[in-house]
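*Asks:* Position in the sequence shown (first residue = 1) + 232 = this note's numbering.
Glycine included, every Cβ here is placed at the ideal spot set by N, Cα and C.
Small disclaimer: the values here were computed from a predicted structure and weren't measured.
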Amino acid sequence: MINTTYNKLVRDNIPNIITSTGAIPNIRILNDKEYSICLRDKLVEEVKEFLAEETDNIEELVDIYEVIIAILSNNNISLKTFEEIRNKKVREKGLFKNKVFLLSVQNDC
Numbered sequence: 233m234i235n236t237t238y239n240k241l242v243r244d245n246i247p248n249i250i251t252s253t254g255a256i257p258n259i260r261i262l263n264d265k266e267y268s269i270c271l272r273d274k275l276v277e278e279v280k281e282f283l284a285e286e287t288d289n290i291e292e293l294v295d296i297y298e299v300i301i302a303i304l305s306n307n308n309i310s311l312k313t314f315e316e317i318r319n320k321k322v323r324e325k326g327l328f329k330n331k332v333f334l335l336s337v338q339n340d341c
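(1) Is the number of C-beta pairs between the region 265-279 and the region 308-319 that are closer than 8 angstroms three or more?
(2) For Pro257 and Leu241, I'd like the C-alpha separation in whole angstroms.
(3) DSSP three-state label for Pro257, please.
(4) Report yes if the C-beta distance between Ile347 and Phe282 is below 8 angstroms; otherwise report no.
(5) Compute the distance between the beta-carbons of Pro247 and Ile234, then report whether it is under 8 angstroms.
(6) Specify, as a first and last residue, the run of the alpha helix (DSSP H) that Leu334 falls within.
(7) Comparing alpha-carbon positions, which option in Phe314, Val322 and Ile290 lies nearest Asn330?
(8) Would the beta-carbon of Leu327 fall within 8 angstroms of that of Phe314?
(9) Return the CA-CA distance between Val337 and Lys320, expressed in angstroms with no decimal places.
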């Protein structure tokens, strides 16, 4: 019998998927504080996986987005509120559409 340790937050259906293969998942339900910490860890994990790809993998972007949605929900922030804040920031500072790369700023003050 092989036991592989993961110690990480997984999507809700993963234990069922593991069980369907004949393996036995060992899980526990996190408390609120642990969940908040693990969501941050999961976001870092998913971003690292995205950056490790040679091309922009849409599957990894979906995972990042799903973690962001979970973080918002855990903090009682609606997607509507998130979008309102995003739109305000877009109006004030713009998008990343024009590929602007800031080299330096000269300031005479």
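*Replies:* Taking the structure as given:
(1) no
(2) 13 angstroms
(3) coil
(4) Shown here, the chain extends from 233 to 341; a query on residue 347 therefore has no answer.
(5) no
(6) Segment: none, Leu334 is in no alpha helix (DSSP H) and carries neither H nor E.
(7) Val322
(8) no
(9) 25 angstroms
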